[in-house]
Amino acid sequence: MSEDCAKDGKGNRELDIRPPLNKTFLLCTLALTMLVAANANAAEKTYLDWVSESTSAIEAGRMPDAVKSLRQALVVNANDPLAHCELGFALLVGGRPASEARAQFSEALRLDPDCATANYGLGLVALAKPDLSEAARLFCQAQQQRPDLDMAGAIGYVRYIAGGNYDPPAENPYDESLQALRALALMRTGAYGDAEAVWRDLQKKAFRAGCGERLGCSMTFDRLRPLALTGWGISKPYSAPAATQSNLTKVSGNVSLRADLTNAREVHIVSFFVDGSFVGMSNTPPFNYVWDTTKTPNGVHTVKIEGSDSTGAAVTTKSMNVAVANKGAARPSARATGERADQLWQRLWACMCVKPSSAVVNYNIALCAAHRGDRDEEKAALERVLAADPGCSEAAKRLSAIYGPSAGASALYEGRPTRKVIALTFDDGPKADTGRILDILRTKGVKATFFLVGKQADAFPETVKRIASEGHQIGCHTYDHRDLEYLTESEITQEIFKTTATVRMLTGRDVRYLRPPGGHEGKKLPNVARRFGLTTVFWSSNCSPYEGKSRKKLTDYVVSSAKPGGIILLHNLELVTLQALPDIIDSLRRRGYEFVTVSELPR
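First residue of the sequence shown? That's 879 in this note's numbering, and the numbers climb one at a time after it.
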């Protein structure tokens, strides 16, 4: 206890609450003064505020953001298992070593030995290892602790991948994992039509933009890699919050909280809170409250003093963190309770509960389509598989066989000069104003080729549909416009097929041509393109240096560099390009050129 925390006449330690006069004011002092109007309603974030922020980040796959919020939550209350369970899950999905996630789930169990969510989290860690027997044991233990949380799907999944077959219990339309196991059982009996209906229902639940893998932990049905962990990666090891007990004022026994309201004359009532929970009130000077810290678990806690006027309206607040350190006291769970805490536990459980991966769902749709001889649907489903997980089962092999791999690397810089034709190509769309380019092309009767960024296609689906409906060709410009030169072959495959799957869903079209961002082909793209029979398109005329200049300079460059079979690189949507496009079309036509799409160029 700091010597500056004096004792009152009754022997209680006194946590003096008065305005700080300089930067060296005592650590054990809380200032409660009238604040300026701009700050009068400012409120400190509570433990559950930070956890709620973390839960939202986890639901969106932003695991690094979740960890940042949880570090703040643990400064306020390190004794509630909820934050530790969330942290363990975020670290697991964020790709940190299993030991980091295991440590957080274990700490949650130390705080609350009956925490089923923590045992389930340890089961996920074991399953990811994979240690199937340990995962099954932990899932069963969690189920015994919380019979109301249906964990039959997780338990059944472990049994399935351990033994190869598992007959799920009676139909449960709310448990996706049981539904997936049921669909596999139907396929084993030859009931492919019934199975496909189940898989298609699951597909709707698993869908994400770009047909990417669903966030969190999902079932791969691969014994060697039972879980797909999908979320933003966490690059740095987790470190505990800096605001540990060693850095904070330590309190123990009875502590007198006192407010100095010399400069806050409008305050008539003072309320006292610990970790957001009301503990006492005073409406008479000197506005004291004796806090019995022995009833609060040892650890870091937030003390808040709130002053209200005669109507009960809060006019000023002040908070600080202290470390309760009562000798000989255990540190029991300080579990947050109430409706809000219950809702956060439910949201966390929804994230942690294993479900069939998007890749597995679509792979089985492809198998069902192949069984009934629907090659187009099989192809579409396999594209969605590669968008989610290029390593899923034999999806890449099957799709390569459908497309027909090319014998050599197929790169196109220009067509053969046997006809006076030329192809206009537009990169980086669609965008909000892409319709202005389409208006010009329609007016001039020209068909062009648009190399679309998949993420932009998701943002402007109606524009993609218009591009297709007006007869233009669509090519792939990757999903996130990443430099393919620095990606793995698996990442390149995902970038391509997230876009092709998106375009197919919007237009029903195949996408067989691609253009790497910046023209950076690298060493790996040719292997991927060759495997799936794709053509990599470059250009004979690069307009990039002129699109930021003038309308005339751009037009003059295109006309002077044009040649039969040429491919013109333009961008969607540079203002100069939009202004020059009518002149470019008219000038080339006067020179006898016909406009074609890339696929129509003589090869």
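Backbone N, C-alpha and C define an ideal beta-carbon position, used for all residues, glycine too.
Within 10 angstroms of its Cβ, does residue i collect 16 or more other Cβ (buried), or is it exposed?
i        : result
Glu-1091 : buried
Arg-1468 : exposed
Pro-1268 : buried
Asp-990  : buried
Asp-1026 : exposed
Arg-1101 : exposed
Gln-1224 : exposed
Val-1476 : buried
Thr-1162 : exposed
Met-1159 : exposed
Thr-1215 : exposed
Gly-972  : buried
Ser-1235 : buried
His-1179 : buried
Tyr-1052 : exposed
Using CA atoms only, rank isn't needed, just tell me which of the options is closest to residue i.
i        : options                                   : result
Thr-1189 : Leu-1222, Glu-1144 and Thr-1174           : Glu-1144
Leu-1277 : Met-1230, Leu-1412 and Pro-1163           : Leu-1412
Thr-1067 : Ala-1084, Lys-1083 and Asp-1045           : Asp-1045
Tyr-1035 : Leu-1316, Asp-1026 and Leu-1056           : Leu-1056
Arg-1136 : Lys-1173, Glu-1184 and Lys-1114           : Glu-1184
Thr-995  : Gly-966, Phe-1099 and Pro-975             : Gly-966
His-1350 : Arg-1387, Ile-1033 and Tyr-1052           : Arg-1387
Glu-1261 : Arg-1250, Gly-1251 and Lys-1275           : Lys-1275
Ala-1326 : Asp-1311, Ala-1337, Ala-1335 and Glu-1348 : Glu-1348
Val-1202 : Val-1133, Val-1239, Lys-1233 and Lys-1196 : Val-1133
Gly-1396 : Tyr-1364, Thr-1385, Lys-1427 and Arg-1408 : Tyr-1364
Arg-974  : Tyr-1070, Leu-1290, Asp-1311 and Val-1003 : Val-1003
Ile-1345 : Leu-1222, Ser-1155 and Asn-1450           : Asn-1450
Pro-1175 : Ser-932, Pro-1295 and Lys-1205            : Lys-1205
Short check: CB of residue i to CB of residue j, under 8 Å?
i        : j        : result
Leu-1448 : Phe-1329 : no
Asn-957  : Gly-1177 : yes
Gly-1088 : Gly-1293 : no
Ile-1300 : Leu-1466 : yes
Thr-1378 : Val-1389 : yes
Ala-944  : Leu-970  : no
Val-954  : Asp-1220 : no
Val-1406 : Val-1342 : no
Lys-1441 : Ser-1418 : yes
Ala-1058 : Leu-1093 : no
Pro-942  : Ile-1112 : yes
Leu-1010 : Ile-1039 : yes
Tyr-1291 : Cys-1270 : no
List the DSSP bridge partners of residue i.
i        : result
Trp-1169 : Val-1133
Thr-1127 : Val-1200
Thr-1371 : Answer is none; Thr-1371 lacks a bridge partner.
Asn-1240 : Partner(s): none; Asn-1240 has no beta bridge.
Leu-1330 : Gly-1307 and Cys-1354
His-1146 : None; His-1146 has no bridge partner.
Please report the distance separating the alpha-carbon of residue i from that of residue j.
i        : j        : result
Leu-1245 : Pro-1308 : 33 Å
Glu-1217 : Gln-1023 : 21 Å
Ala-1030 : Glu-1012 : 16 Å
Glu-1054 : Glu-1272 : 23 Å
Lys-1257 : Tyr-1281 : 9 Å
Val-1168 : Trp-1110 : 46 Å
Val-1415 : Arg-1320 : 24 Å
Asp-1306 : Tyr-1391 : 15 Å
Leu-1105 : Leu-952  : 28 Å
Thr-1108 : Leu-1264 : 15 Å
Leu-1453 : Cys-1354 : 23 Å
Glu-1369 : Thr-1127 : 50 Å
Leu-910  : Ala-1237 : Because the pLDDT at Leu-910 is just 35, under 50, the model does not fix this residue reliably, and the point stays unresolved.
Ser-1422 : Lys-1431 : 12 Å
Arg-1408 : Glu-1399 : 13 Å
Asp-1252 : Ala-986  : 50 Å
Arg-1429 : Glu-1478 : 28 Å
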